[in-house]
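A.B. asks:
Number of protein chains: 2
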Amino acid sequence: MKPTSTQARLLDAAESLFSERGFKGISIREITEKAEANLAAVNYHFGSKAGLMKALIERQIGPLNQLRIAELDAAEAAAGDQPLAIDNLLRIFFTAPIRHFHKPGQKLPNLLARLHQDPSPEVVEVVVSVFQPIADRFLTALHRSAPHLSEAQLITRAMFMKGAMVHAMSDGLVLASAMTEGRVSMDDPEELIEELVQFCTEGFRLHTPNSGPQAE
Amino acid sequence: MKPTSTQARLLDAAESLFSERGFKGISIREITEKAEANLAAVNYHFGSKAGLMKALIERQIGPLNQLRIAELDAAEAAAGDQPLAIDNLLRIFFTAPIRHFHKPGQKLPNLLARLHQDPSPEVVEVVVSVFQPIADRFLTALHRSAPHLSEAQLITRAMFMKGAMVHAMSDGLVLASAMTEGRVSMDDPEELIEELVQFCTEGFRLHTPNSGPQAE
DNA sequence: GTCTATACAGTGATAGAC
DNA sequence: GTCTATCACTGTATAGAC
Chain A
2 MKPTSTQARL LDAAESLFSE RGFKGISIRE ITEKAEANLA AVNYHFGSKA
52 GLMKALIERQ IGPLNQLRIA ELDAAEAAAG DQPLAIDNLL RIFFTAPIRH
102 FHKPGQKLPN LLARLHQDPS PEVVEVVVSV FQPIADRFLT ALHRSAPHLS
152 EAQLITRAMF MKGAMVHAMS DGLVLASAMT EGRVSMDDPE ELIEELVQFC
202 TEGFRLHTPN SGPQAE
Chain B
2 MKPTSTQARL LDAAESLFSE RGFKGISIRE ITEKAEANLA AVNYHFGSKA
52 GLMKALIERQ IGPLNQLRIA ELDAAEAAAG DQPLAIDNLL RIFFTAPIRH
102 FHKPGQKLPN LLARLHQDPS PEVVEVVVSV FQPIADRFLT ALHRSAPHLS
152 EAQLITRAMF MKGAMVHAMS DGLVLASAMT EGRVSMDDPE ELIEELVQFC
202 TEGFRLHTPN SGPQAE
């Protein structure tokens, strides 16, 4: 099985292996063996193991983020001067990645979830470069859609939202699957999207005092 | 600096090093060097690198979970037959760990967040053994407090909740800090607890149809 | 029991031949 | 573009000192 280029075979092999066992859990010897390439091929084509990971992440996430930004642009154009309703905004944010990744056997979200928490500078650099633009774009829109929140509240709740999404998508959900012993929590992506949209929308709508103990 | 036992020095050194750079990111040699112990000390006292991590996690999390379960027991006893209000239940769940960990320089939550996503069997075993009991306990209570939700909805939203909490606690929040460039989202733990309680309470209260597209 | 030195197979990376 | 040889490093195991 060597119908494709060495680069493509390396990317495919690395994607499935990293997704299964994590970045640090896979050796480039395993990758090159599965891809039927030489040990040095990774460094030749991608510069390093981290470079290979960055390439495969961008291959998957790049188009997805382009799609999300295009949909947000369209929705904002249609709304004119009006800010988007929070649930519409969140639906745009969640739909593309969940539809794309929420399939049986798709393990890349697990890898992404782990990368979001990885402190090594090489990994941080990749994650920031891939997700920074889309995060900025949605935070700005969210700020317009939820003007009742202080900046600290907005960022905090955006963290809650990101945590909920990342967690829900990484099917491994190691604890969850161990906890629930195989009872899948939700297998229809459309249902998961809607649950997540509703859950977070309510959270963003809430208007709470933003500091200190004070009576209502 | 060798006032304490070798075991204690190893635990302290490993905790700070793992928290900074992750489980796989730190070598036994670095740990034993910082602890002024011999390379083989880790394997002698803890059996393996994973055994050392398990010991330090249990040292920190064990008492915290005991406290949470005691508080839940007390609240349920006080409520008699009545299920607890969702916000009270969540407040008990969040308060102890956030008060304990939400301090400047405290990086253990970052490690815990990463461990929750780590696929290696050795790590999964530790995480499950430490968090399974408390997860079961709270899921049961949550089921009583939110009887309007199907089991799939309950588990799904519990995942959202866990994701939000874990994400909010791991201050690194690599993306967040990069995204917001140092603007701390929320430094008062009590404020963070209350934001998280309110955010998730609204999410659990929601009553949505639990399958298929159907008009309201 | 506790600790030490050392050996072993595995890792990512690289220089240089082809 | 590919390959081999080699480097410094990793976690682990064990023999033996105290």
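Chains as they are written, first to last, in the working numbering: chain A, 2 to 217; chain B, 2 to 217. Using N, Cα and C, we set each Cβ at its ideal position, and we do this for glycine too. None of the values given here were measured: they were computed from a predicted structure.
Which residues of the region 194–210 of chain B have a Cβ closer than 8 Å to any Cβ of chain A? Give them in chain order.
C.D. replies: Glu195, Glu196, Leu197, Gln199, Phe200, Cys201, Glu203, Gly204, Arg206, Leu207, Thr209
A.B. asks: Look at the alpha carbon of Leu174(B) and the alpha carbon of Met160(B), and state the distance between them as a whole number of angstroms.
C.D. replies: As a first step, residue 174(B) must be located in the second sequence, where it is residue number 173. As a first step, residue 160(B) must be located in the second sequence, where it is residue number 159. In this prediction, Leu174(B) has a pLDDT of 46, which is less than 50 and means its spatial position is unreliable; what the coordinates show is noted afterwards. About 18 Å.
A.B. asks: Given 8 Å as the limit, is there contact between the region 122–132 of chain B and the region 111–130 of chain A, that is, 3 or more CB pairs closer than that?
C.D. replies: Touching, no.
A.B. asks: Less than 7 Å separating the Cβ of Pro134(A) from some heavy atom of the ligand FMN?
C.D. replies: Here there are no bound small molecules, and the ligand FMN is not part of this structure.
A.B. asks: Given a cut-off of 8 Å, decide if Leu12(A) and Glu31(A) are closer than it, judged by their beta-carbon atoms.
C.D. replies: As a working mapping, residue 31(A) is identified with position 30 in the first sequence. As a working mapping, residue 12(A) is identified with position 11 in the first sequence. Not closer than 8 Å, so no.
A.B. asks: What residues in its chain sit with their C-beta under 7 Å from that of Phe95(B), if we drop five residues either side in the sequence?
C.D. replies: As a first step, residue 95(B) must be located in the second sequence, where it is residue number 94. Here the set comprises Met166, Ile194, Leu197, Val198.
A.B. asks: Ignore the nearest five residues each way along the sequence and tell me which others in Ala179(B)'s own chain have a CB closer than 6 Å to its CB.
C.D. replies: Walking along the second sequence from the start, residue 179(B) turns up at place 178. Residue confidence for Ala179(B) is low, a pLDDT of 48 falling below 50, so the modelled location carries little weight; the figure read from the coordinates is stated next. Around Ala179(B): no qualifying Cβ.
A.B. asks: Which of the three DSSP states is assigned to Gln67(A) in this structure?
C.D. replies: For the purposes of this step, residue 67(A) is taken as the residue at position 66 of the first sequence. Note: Gln67(A) maps to helix in three-state DSSP.
A.B. asks: When you compare the CB of Ala169(B) with every CB in chain A, is at least one pair closer than 8 Å?
C.D. replies: In the second sequence, the residue the question calls residue 169(B) occupies position 168. Answer yes: the Cβ-Cβ gap between Ala169(B) and chain A drops below 8 Å somewhere.
A.B. asks: Leaving out the 5 sequence neighbours to the left and right, which residues in its chain are closer than 8 Å to Arg1(A) when beta-carbon positions are compared?
C.D. replies: This structure gives no information on residue 1(A), because the portion of chain A shown stretches from 2 to 217.
A.B. asks: Between the region 27–54 of chain B and chain A, which residues of the former have CB atoms less than 8 Å from a CB of the latter, in chain order?
C.D. replies: none
A.B. asks: Could you please give the first and the last residue of the uninterrupted alpha helix (DSSP H) stretch that includes His144(B)?
C.D. replies: In the second sequence, the residue the question calls residue 144(B) occupies position 143. Counting along the chain, the alpha helix (DSSP H) containing His144(B) begins and ends at 122–146.
A.B. asks: For the pair the region 98–115 of chain A and the region 18–28 of chain A, tell me if three or more CB-CB distances fall below 8 Å.
C.D. replies: Contact between the region 98–115 of chain A and the region 18–28 of chain A is present, because at least three Cβ pairs lie under 8 Å.
A.B. asks: Quick check on DSSP: helix, strand or coil for Gln8(B)?
C.D. replies: Residue numbering aside, residue 8(B) sits at position 7 when the second sequence is read from its first letter. Of the three classes helix, strand and coil, the one that applies to Gln8(B) here is helix, per DSSP.
A.B. asks: Using a Cβ-Cβ distance under 8 Å, would Thr7(B) count as near chain A?
C.D. replies: On the second sequence, residue 7(B) is found 6 positions in, with the first residue counted as 1. By this cut-off, Thr7(B) is not an interface position.
A.B. asks: Cβ closer than 7 Å: which chain A residues qualify as neighbours of Lys25(B)?
C.D. replies: Here the question's residue 25(B) lines up with position 24 in the second sequence. Here the neighbours are Lys25.
A.B. asks: Could you work out which residues of chain A lie near Asn111(B), taking near to mean beta carbons separated by less than 8 Å?
C.D. replies: As a position in the second sequence, residue 111(B) is number 110, starting the count at 1. Chain A residues near Asn111(B): Gln118, Pro120.
A.B. asks: Tell whether a beta-carbon distance below 8 Å holds between His117(B) and Leu65(B).
C.D. replies: Residue 117(B) sits at position 116 when you count from the first residue of the second sequence. Residue 65(B) sits at position 64 when you count from the first residue of the second sequence. Against a cut-off of 8 Å, the Cβ pair of Leu65(B) and His117(B) comes out as no contact.
A.B. asks: Ala76(B) to Arg69(B), Cα distance in whole Å?
C.D. replies: Indexing the second sequence from 1 puts residue 76(B) at position 75. Indexing the second sequence from 1 puts residue 69(B) at position 68. Rounded to the nearest angstrom, the two C-alpha atoms are 11 Å apart.
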